[in-house]
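S.K.:
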Amino acid sequence: MSGKPRLTYLNGRGRMESIRWLLAAAGVEFEEIFLETKEQYEKIIKDGSLMFQQVPLVEIDGMKIVQTRAILSYVAGKYNLYGKDLKERALIDMYVEGIIDLMQMILMFPFSPPEAKEKNLDSIKERATNRYFPVFEKVLKQHGQDFLVGNKFSWADVQLIEAILAVEEKVPAVLSGFPQLQAFKIRMSNMPTIKKFLQPGSPRKPPPDEHYVETVLKIFSK
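Position in the sequence shown counted from 1, then plus 686, gives you my numbering.
(1) For residue 719, collect the residues of the same chain with a Cβ closer than 6 Å to its Cβ; drop the 5 residues on either side in sequence, then sort them by chain order.
(2) In whole angstroms, give me the CA-to-CA distance for residue 707 and residue 859.
(3) Mind checking residue 731: buried by the 16 CB within 10 Å criterion, or exposed?
(4) Restricting to Cα atoms, I'd like to know which of 768, 891 and 709 is closest to residue 744.
(5) Have a look at residue 790 and residue 891 and give me their C-alpha separation to the nearest angstrom.
(6) Would a check of beta-carbon distances place residue 815 closer than 7 Å to chain B?
(7) So, at 7 Å on beta carbons, what are the nonlocal neighbours of residue 833 in its own chain, with the 5 sequence-adjacent residues on each side left out?
(8) For residue 695, which beta-bridge partners are listed by DSSP?
(9) Answer with buried or exposed for residue 702, where buried requires no fewer than 16 other C-beta atoms within 10 angstroms of its C-beta.
(10) Going by the beta-carbon positions, is the gap between residue 721 and residue 696 smaller than 7 Å?
(11) What's the call for residue 646, buried or exposed, on a 16-neighbour Cβ count within 10 Å?
In C-alpha cells, the structure reads:
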C-alpha cells in the first residue's frame, strides 16, 4: 500500500466529494477505487469493509472509516483543520452542519423527477440566499477576518467554498447580494491547494449527469 489514503466510491461527486475537497485542501494526495457494478459493491460488503454496508469508505492510517461525518472529522483533525480548542471546534461543527444541510439538497437534486426539478431548484436558491449564505456573510463582516473561525483556515472554510461553487453551478448569480462571500470565494479559490483542485485534470468530479444517476441507481438498487 502506498501510504496514500484510498477512497472507495463511485466516479462522481455524491457524499465523497466533500472528503475529496478536504483532503485536497490539506494538500494530501489520495487514490480512488470506483464502483461501477452492483457486484463490486456487494463484494466489499461481503469482505466486511463496510461497517454499515454503505460507502463512502476511506482507508487511512490502517483504518477503514465509513460514515461521511466521521471521515471528515478525522481528516480535519489529522491535518489541523479543526480549530485550536473545543469552542472553535463547536463553531466549525455548527457551520459545517449548516452547510451540509444545504449540500444535501444539491446532492439529491439530480435524482428529482423532471416535473419537480424547477421547484427543487427554487428551493435551493431560496435556502441559500435566505437561510444559509446570510449567516456566513454576517460572520465574515463582523469579525473582518479572512477565515470563518479563529482567523485560521479550517474545515468550515473548505465546506463553504465547495457549497458556494456547487450552488453557483445551478444559480449563477446567487452571490450577487453577498459581497463578503464574493471576496471569500476569490480568496479561497486562490489558495494554492484549492487552486490546484479547481484545475482541469484534478480529482474533483464534474456535476452529476444522467450516466452518474443511472450508475447510482443500478449499484444501490435493492
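From the three backbone atoms N, C-alpha and C, an ideal C-beta is built for every residue, glycine too.
M.R.: Per the coordinate set shown:
(1) 694
(2) 23 Å
(3) exposed
(4) 709
(5) 17 Å
(6) As a matter of chain content, chain B is missing from the structure shown, which is built from one protein chain.
(7) 839, 840 and 843
(8) 720
(9) buried
(10) yes
(11) Because the chain here runs from 687 to 908, residue 646 falls outside it and cannot be looked at.
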